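2 protein chains.
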Amino acid sequence: MQITRQADYALRAMLYLAREYPKKDERAATSKIAEEQEIPASFLAKIISQLSIAGLIQTSRGAKGGVRLARKPEEISLLDVVEAIDGPISLNECVDDPSVCSFGDNCPIHEVWCEAKKQLVRKLRDATFDKLLEQQKAKV
Amino acid sequence: MQITRQADYALRAMLYLAREYPKKDERAATSKIAEEQEIPASFLAKIISQLSIAGLIQTSRGAKGGVRLARKPEEISLLDVVEAIDGPISLNECVDDPSVCSFGDNCPIHEVWCEAKKQLVRKLRDATFDKLLEQQKAKV
DNA sequence: AGTAATTTCTATCTTTATGGTAGAAAATAC
DNA sequence: GTATTTTCTACCATAAAGATAGAAATTACT
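Quick mapping for you: the protein sequence lines, in order, are chains A and B. So for the first sequence, our numbering puts the first residue at 6; every next one is plus one. So for the second sequence, our numbering puts the first residue at 6; every next one is plus one.
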């Protein structure tokens, strides 16, 4: 049970953009992000596109174009990014769509998954990019 | 991010076996488990095999053969079953094998995943089958 | 205005994992 | 010994993941 490689790459890219956020007027080039964060350059294109559709970043084409965050780092969490790429975190099929299981409320396992999901979602929602940057600074 | 269908089926099968556990001398037939728990019968064979290799159940062939738990329900948790089928719960590649990521301790995201994993593992390890059965009884 | 440079975007391919099936192998009761 | 009932394993589709190259678009500069 893992997030996809794409989601991990997306997180790295967003972390890079969060670091660049203070430079308000600049836009980062995809190629630069790819190099810096060790992401296959041509693979990043697809990821950038998805993040843009999800409204997490703003893109602009052409010379001097590039990518930047659509919102402040404190308004973007790990959960936002992961769900934008991998879809909702369900842990098990029955969590987000109870109708797939005919046992319904009679299944004691169902509840465990629901609680586990809540716990996980809370943790990821709480991890906003401003906090991540602070934590990194504190370490160095 | 979900457990596989196989893992979910395995949990259902184990729940059934936990219910049957008091009948010490009987063994449940795979076909019976499949019917009762709504699992594709021929698919269950592969799952049973994996659970047996993992040491969670005992199998015996031939007439009057079948399957039963290898340990008491209170000594088997959801975590045991899920990891036996799907492998370790990592959430992200870097959690179980930090060497795949060259950023190492310099990555603030790494730590979040580690904590999230710990939290999730604790929850699943705590959910033993005796507790699950009790919870179900309490409901009815 | 034209063109070259730089960018995002999209159609395509390969590989891997998942979900599922059927038939072989094994063991026991009679 | 044989028939029955079981586990076990080799196989096959389908779908998703990972990755790539080239098309489309936009802008700066001459």
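Cβ atoms here follow ideal geometry from the backbone N, Cα and C, with glycine treated the same way. What you are looking at is a predicted structure, and each value in this text was computed from that prediction instead of being measured.
Contacts of residue i in chain B (Cβ-Cβ under 8 Å)
i: A/A59; result: Here the premise fails: no neighbours, minimum Cβ distance about 17 Å.
i: A/I94; result: M6
i: A/E40; result: Correct list: empty, because the minimum Cβ distance to chain B is about 13 Å.
i: A/A75; result: Near A/A75 there are no residues of chain B at all, since even the closest Cβ is about 20 Å away, more than 8 Å.
i: A/E98; result: Q7, R10, D13
Beta-carbon neighbours of residue i, restricted to chain A and to distances below 9 Å
i: B/A23; result: Simply none; closest approach about 10 Å.
i: B/Q141; result: N111, C112, P113
i: B/Q124; result: A121, Q124, L125, K128
Residue(s) in a DSSP beta bridge with residue i
i: A/L74; result: A/I62
i: B/Q7; result: A/L96
i: A/A18; result: None, per the DSSP bridge assignment.
i: B/S82; result: B/T133
i: A/L33; result: The identity of residue 33 of chain A in the sequence shown is Ala, whereas the question assumes Leu. Looking at the DSSP assignment, A/A33 forms a beta bridge with A/V72.
Distance between beta carbons of residue j and residue i, contact taken as under 8 Å
i: A/Q11; j: A/I52; result: 6 Å
i: B/P103; j: A/Q140; result: Not a contact, Cβ separation roughly 17 Å.
i: A/M6; j: A/F134; result: Their Cβ separation, rounded to whole angstroms, is 24 Å, which puts A/M6 and A/F134 out of contact at 8 Å.
i: B/I1; j: B/L61; result: Since the first residue shown for chain B is 6 and the last is 145, residue 1 of chain B is missing from the structure and cannot be characterised.
i: A/T35; j: A/L49; result: 6 Å
i: A/E31; j: A/E40; result: Not really, about 16 Å apart at Cβ, beyond 8 Å.
i: B/R66; j: B/A33; result: Contact doesn't hold; Cβ gap of about 14 Å is too wide.
i: A/L96; j: A/L129; result: That belief does not hold up - the Cβ atoms of A/L96 and A/L129 are roughly 12 Å apart, past 8 Å.
i: B/D13; j: A/E98; result: 7 Å
i: B/A23; j: B/L138; result: 6 Å
Span of the alpha helix (DSSP H) around residue i
i: B/R127; result: 113-131
Chain A residues whose Cβ lies nearer than 8 Å to that of residue i
i: B/S107; result: E43
i: B/V72; result: By Cβ distance, chain A contributes nothing, its closest Cβ being about 19 Å from B/V72, past 8 Å.
i: B/L83; result: I114, V117
Chain B contact residues for residue i, given Cβ-Cβ distances below 7 Å
i: A/D91; result: M6
i: A/L16; result: I114
i: A/A33; result: What A/A33 touches in chain B: nothing, since even the nearest Cβ is about 18 Å away.
i: A/L20; result: I114
i: A/A132; result: V117
i: A/L137; result: P113, I114
Within chain B, partners of residue i - CB distance below 9 Å
i: A/A50; result: Simply none; closest approach about 22 Å.
Can you find at least 3 beta carbon pairs, one from the stretch 106-120 of chain B and one from the stretch 66-78 of chain B, that sit closer than 8 Å?
-> For the pair of segments examined, the stretch 106-120 of chain B was found not to touch the stretch 66-78 of chain B: the number of CB pairs separated by less than 8 Å stays below three.
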